Structures are given as C-alpha cells and as structure tokens.
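Undergrad:
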Amino acid sequence: MKIVGIVVIILVAILFLAIAVLWILNVVDSSRMNRIRSSLQVSGDSEKVFSPEMVAGLPDVAQRYLLHAIKPGTPLARRVELKMSGMLKPKEAGPWMPLQATQILTPGRGFIW
C-alpha cells in the first residue's frame, strides 16, 4: 500500500508539472503574439495608391483580375484583417473539420495567420 501511495504522489506531481509547463508556454506564446500584433498596428490613411505598374510582374490572369477590380489611383489599405470560417478536410479519407482563422496583413511589415 505504501508503494501505491508513492506512485500516486509521483503521478500527481508529474501531472501538476506538465500543467504548469503548458500554462507557462501558453503565457509566453500569447505575449509574443500580442507583441507581433502590436507591431502590425498602423494608423492614418494610406499614402499609396494603386497603379498598373504594381502588377506588372504578376501572372497574366492575376494582372487582368487586379486591373479590372482596382481603378488606378485607388488608395491602398495599410492593414487588412480577414476573418475566415469553413470546413477543412485534411485527409482525403478523413472527416471534414471546422476551421476558423484570422489573418492580419500589413504590406511591407508582415502578417499573422
């Protein structure tokens, strides 16, 4: 009986340690994501405007789409936040799984997905 008690204490200690490590990793990761998110914050209006030269190096189909969708001289966004939801099937034979994601794009600075 004494050995069973010691084993239980050791298992509880290991479980507690694992939970503590996971909590610390979560706090560190959240802090890092908040710093990155803050670095992507921009304020004020965009000074850049769209011009056809901006798409010159893209494939033809992308050029046609963008030249049709955006008028020359249109102010460009400094930051875009996209919220996505849907279903994802990671394996052909596997089940469909729900997906929710947020992507923040800041041209010239970076992105989070």
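This note's numbering puts the first residue of the sequence shown at 17, with every later residue one more than the last. For every residue, glycine included, the Cβ atom is placed at its ideal position computed from N, Cα and C. Predicted, not measured: the structure shown is a model, and the values here were computed from it.
#1: Determine whether the beta carbon atoms of Leu83 and Val71 lie at a separation below 8 Å.
#2: My understanding is that Leu66 touches Leu92, with C-beta atoms under 8 Å, so please give their C-beta distance in whole angstroms.
#3: Measuring CA to CA, which of Ala36, Pro68, Val20 is closest to Ile86?
#4: With which residues is Val65 paired in a DSSP beta bridge?
#5: Report, in whole angstroms, the separation of the C-beta atoms of Met100 and Met113, which I expect to be a contact under 8 Å.
TA: Taking the definition as stated:
#1: Taking 8 Å as the Cβ cut-off, Leu83 and Val71 qualify as a contacting pair.
#2: The displayed chain sequence assigns Phe, not Leu, to residue 66. Here Phe66 really is in contact with Leu92; their C-beta atoms are around 6 Å apart, less than 8 Å.
#3: It is Pro68 whose Cα lies nearest to the Cα of Ile86.
#4: For Val65, the beta-bridge partners assigned by DSSP are Pro91.
#5: A Cβ-Cβ separation of about 14 Å leaves Met100 out of contact with Met113 under the 8 Å criterion.
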